[in-house]
Amino acid sequence: MKMYVACVVLGLSALVVLPGFIGKETSKTQVIAHRGAWKKQGLPQNSLAALDNAIRLGCFGSEFDVHMAADMGLFVSHDHVIQNVAIEKSTSAELAAVKLSNGESLPTLEAYLLQGKKQKKTRLVLEIKPSQLGKERSLLLAQKCVEMVQKTKTQRLVDYISFDYEVCKKVKELDPKAQVAYLNGDKTPAECAADGLDGLDYNQNVYKKKEEWIQQAQQLNQTLNVWTVNTQQQMEWFVEKNFDFITTDEPERLLEMLKK
Numbered sequence: 001m002k003m004y005v006a007c008v009v010l011g012l013s014a015l016v017v018l019p020g021f022i023g024k025e026t027s028k029t030q031v032i033a034h035r036g037a038w039k040k041q042g043l044p045q046n047s048l049a050a051l052d053n054a055i056r057l058g059c060f061g062s063e064f065d066v067h068m069a070a071d072m073g074l075f076v077s078h079d080h081v082i083q084n085v086a087i088e089k090s091t092s093a094e095l096a097a098v099k100l101s102n103g104e105s106l107p108t109l110e111a112y113l114l115q116g117k118k119q120k121k122t123r124l125v126l127e128i129k130p131s132q133l134g135k136e137r138s139l140l141l142a143q144k145c146v147e148m149v150q151k152t153k154t155q156r157l158v159d160y161i162s163f164d165y166e167v168c169k170k171v172k173e174l175d176p177k178a179q180v181a182y183l184n185g186d187k188t189p190a191e192c193a194a195d196g197l198d199g200l201d202y203n204q205n206v207y208k209k210k211e212e213w214i215q216q217a218q219q220l221n222q223t224l225n226v227w228t229v230n231t232q233q234q235m236e237w238f239v240e241k242n243f244d245f246i247t248t249d250e251p252e253r254l255l256e257m258l259k260k
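Be aware that the sequence shown starts at 1, since it is given in UniProt numbering, and climbs by one per residue.
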């Protein structure tokens, strides 16, 4: 779900351009496709096809989830178990045999990053999923994700998010230039800023209950992202609040709304 500190290129008639990414004329808010742009086309979530569709639509970012296999292979999937295969307790070979509904193999993180690397406009928003096998393994997953991003030379395209606060801090330790936002909704903007994180990426209900956090985050130059926002009414509320990003299962709807 969010972050992305960017450079403003002057002299382009109020067009904001983020390094290597999409400019935006009508609204400050940018679109993040939640697990890719999958819903309208009936594609598998977190698939390469869903990523490609998000890129084709011109989404600012495409969010995806990463787990670590028993032998430390990295795979893209939202759930800890896919098709009755427990990712953290299975080998990479066993996971490679899993087929998605469109015939794709379960993507490795490397394959996903290399697919995203074919373009330069859509951010790859990498969610590091907390391990069910303990904190140490969660931190190891963070390390392995950063190493894979460096190996594939996709640092300029990738931003990080996690529900685990220690994981977020670990990523910043490993790559101080990385953009990192926290997901769990239990830290104030001041706490996130003090710990060197770049933004908040909370469920929409958190912002409704703690509306003062919105202005606090903006005053601290923390980026604001929100998930998962799918209705027109919800989208309008967060656009009016000048959120940097909205994460949605309905990127087509949000993109169309932002054009008006």
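Glycine included, every Cβ here is placed at the ideal spot set by N, Cα and C.
Contacts around residue i, its chain only, beta-carbon distance under 6 Å, and the 5 residues preceding and following it disregarded
i	result
glutamine 216	Pro189
leucine 174	Val146
alanine 142	Ile128, Val167, Lys170 and Val171
phenylalanine 21	Caution applies to phenylalanine 21, whose pLDDT of 30 falls short of 50 and renders its modelled position unreliable; the value that the coordinates give is listed next. Closer than 6 Å at the Cβ level, and outside the excluded window around phenylalanine 21, lie Lys121.
Contacts around residue i, its chain only, beta-carbon distance under 7 Å, and the 5 residues preceding and following it disregarded
i	result
methionine 153	Sequence check: residue 153 is lysine here, not methionine. Around lysine 153: no qualifying Cβ.
glutamate 166	Lys135 and Leu139
methionine 257	Gln232 and Met235
methionine 148	Leu74, Leu109, Glu110 and Leu113
alanine 86	His80
aspartate 71	Thr91 and Ser92
lysine 144	Met68, Met72 and Leu74
Supposed contact pair residue j and residue i - C-beta distance, whole angstroms, cut 8 Å
i	j	result
glycine 199	threonine 223	3 Å
threonine 122	glycine 61	6 Å
leucine 254	valine 31	5 Å
valine 206	aspartate 159	Between aspartate 159 and valine 206 the Cβ distance is about 20 Å, and since that is not below 8 Å, they are no contact.
serine 105	alanine 96	6 Å
alanine 54	alanine 33	4 Å
glycine 36	asparagine 46	6 Å
Status (buried if at least 16 other CB within 10 Å, exposed otherwise) for residue i
i	result
glycine 103	exposed
serine 101	exposed
aspartate 52	buried
glycine 42	exposed
glutamate 127	buried
alanine 156	Before going on, a small fix: residue 156 reads as arginine here, not alanine. Exposed, because fewer than 16 other Cβ atoms sit within 10 Å of the Cβ of arginine 156.
asparagine 225	buried
threonine 247	buried
threonine 29	buried
lysine 39	buried
leucine 179	With the sequence shown as reference, residue 179 is identified as glutamine, and leucine is not the correct amino acid for it. The residue in question, glutamine 179, is buried, as its Cβ has 16 or more Cβ neighbours within 10 Å.
8 Å CB neighbourhood of residue i in its chain, flanking five on each side removed
i	result
proline 130	Ser138, Ser162, Phe163, Asp164 and Val167
valine 229	Gln204, Met235, Phe238, Ile246, Thr247, Thr248 and Leu254
threonine 26	Note on threonine 26: pLDDT 42, under 50, position unreliable in the model; no value is reported.
| message | Measuring CB atoms only, is the stretch 48-66 touching the stretch 103-115, in the sense that at least three cross pairs come out at less than 8 Å? | response | yes
| Ordered list of beta strand (DSSP E) runs contained in the stretch 69-117, each at least 3 residues | 74-76
| Which parts of the stretch 181-236 are runs of the beta strand (DSSP E), unbroken and 3 residues or longer, counting only runs that do not cross its ends? | 199-203 and 223-227
| task | At 4 residues or longer, and completely inside the stretch 121-172: list those alpha helix (DSSP H) runs for me, N to C. | result | 135-151
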